[in-house]
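Here is the structure we will look at.
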Amino acid sequence: MFNKNVLNQLAIALGNQRRLEMLVLMMEGRYFTAKELAYGTGLLPSAATAHLKALVDSGLVKTFKQGKFKYFTLSSSDVASVVESVMYLASSKGIHRKLPENEICQARYCFNHLAGHLGVLIYQKLLELHYIQTEGHSKTIHLTSNGADWFSYHNLLPAGPESIPEKVAIQCMDWTERVPHLGGFLGNILADRFVKSEWIIKKKNSRAVFVTKVGKTNLNRIFGTSDLF
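Taken in order, the sequence shown gives residues 1 to 229; the numbers are from UniProt numbering.
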């Protein structure tokens, strides 16, 4: 049974354009001050504070306090998936017809994993190679034995096969591509490894990422392709 009060809070939080814009800014996966979020959404600081309170109260956003500063970020990757799905539904209904700049569509962060054309390519290739498999109509994704071998062989797991959690990954609907990309644990560790290996680099103050020359070479190598990336 759903808690009606919780559902009501979520509906109020997600049903406001400015609050949704704040959540989209936080999809970058960083912590922001209220002032930064106010500036990014064109709000007065006092108005931003009220909106942030609603987002925190609903459980969509968490805070981190250091000294006199309070920082805000999405409370979990599940929230990022919800925001991405809301944006997908809005675009499919024609509410947001204008897509963001091309670099955001090509490759970006969706909280802690990769989205856009790059994120979808990776997800589809993992499916094609039978390294992951879906579960009916569920968003749940399972890692196959071949997939576990592949992740281990390419040193993509932070602490070996024993580090793989029970809930290994989920399908996250990509609002620009309108097909799923890889979220959850596997999506997170791939994005993290690619950044640390400098296969991709983050654009400053943006969710956008770029694939480096070394990254293109290595992505094609590990996926057994010639010029897919």
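The beta-carbon is built from N, C-alpha and C at its ideal position, and this holds for glycine as well.
Spatial neighbours of S85 within its chain, please: C-beta separation below 7 Å, excluding the five flanking residues on both sides. Scanning its chain for C-beta atoms nearer than 7 Å, with the 5 sequence neighbours on each side dropped, one finds around S85 the residues M173, in chain order.
P180 - containing alpha helix (DSSP H), residue span: For P180, no alpha helix (DSSP H) segment is defined; the enclosing uninterrupted segment is the beta strand (DSSP E) at 180-183.
Could you say which of L44, L20, H130 lies nearest to A54 if we only look at CA atoms? For A54, the nearest C-alpha among the options comes from L20.
Give me, in chain order, the residues of the same chain whose beta-carbon lies closer than 6 Å to that of V209; leave out the 5 immediate sequence neighbours on both sides. Excluding positions up to five away in sequence, the list reads A107, I200, K202.
Comparing C-alpha positions only, which one of Y153, Y131, L156 sits nearest to L143? Residue Y131 is the option with its Cα nearest to L143.
Among V61, H181, R193, S152, whose alpha-carbon lies nearest the alpha-carbon of M26? Among V61, H181, R193, S152, the Cα nearest to that of M26 belongs to V61.
In whole angstroms, what separates the C-alpha of L121 from that of T176? Going by the C-alpha atoms only, they are around 13 Å apart.
On a Cα-Cα basis, can you pick out the residue from A191, K204, S206 that is closest to L219? Nearest to L219 by C-alpha distance, out of A191, K204, S206, is A191.
Could you check what DSSP says for Y109 in three-state terms: helix, strand or coil? In this structure, Y109 counts as strand in the three-state DSSP scheme.
Own chain residues within Cβ distance below 6 Å of I104, not counting five before or after: Cβ within range, chain order: A208.
Using only the alpha-carbon positions, how far apart do K139 and G15 sit? Straight-line Cα distance between these residues: approximately 24 Å.
According to the Cβ coordinates, are I222 and H113 closer than 7 Å? The answer is no: Cβ separation not under 7 Å.
Please report the residue range of the alpha helix (DSSP H) in which F229 lies. Per DSSP, F229 belongs to no alpha helix (DSSP H) and is neither H nor E.
Just verifying my parser: in three-state terms, what is the DSSP assignment at I170? I170: strand per DSSP, three-state reduction.
Drop a sphere of 10 angstroms on the beta-carbon of H51, count the other beta-carbons inside from all chains shown, and report buried for 16 or more, exposed for fewer. It counts as buried.
Roughly how many angstroms separate the alpha carbons of T212 and D227, rounded to a whole number? Distance from the CA of T212 to the CA of D227, rounded to the nearest whole angstrom, comes to 14 Å.
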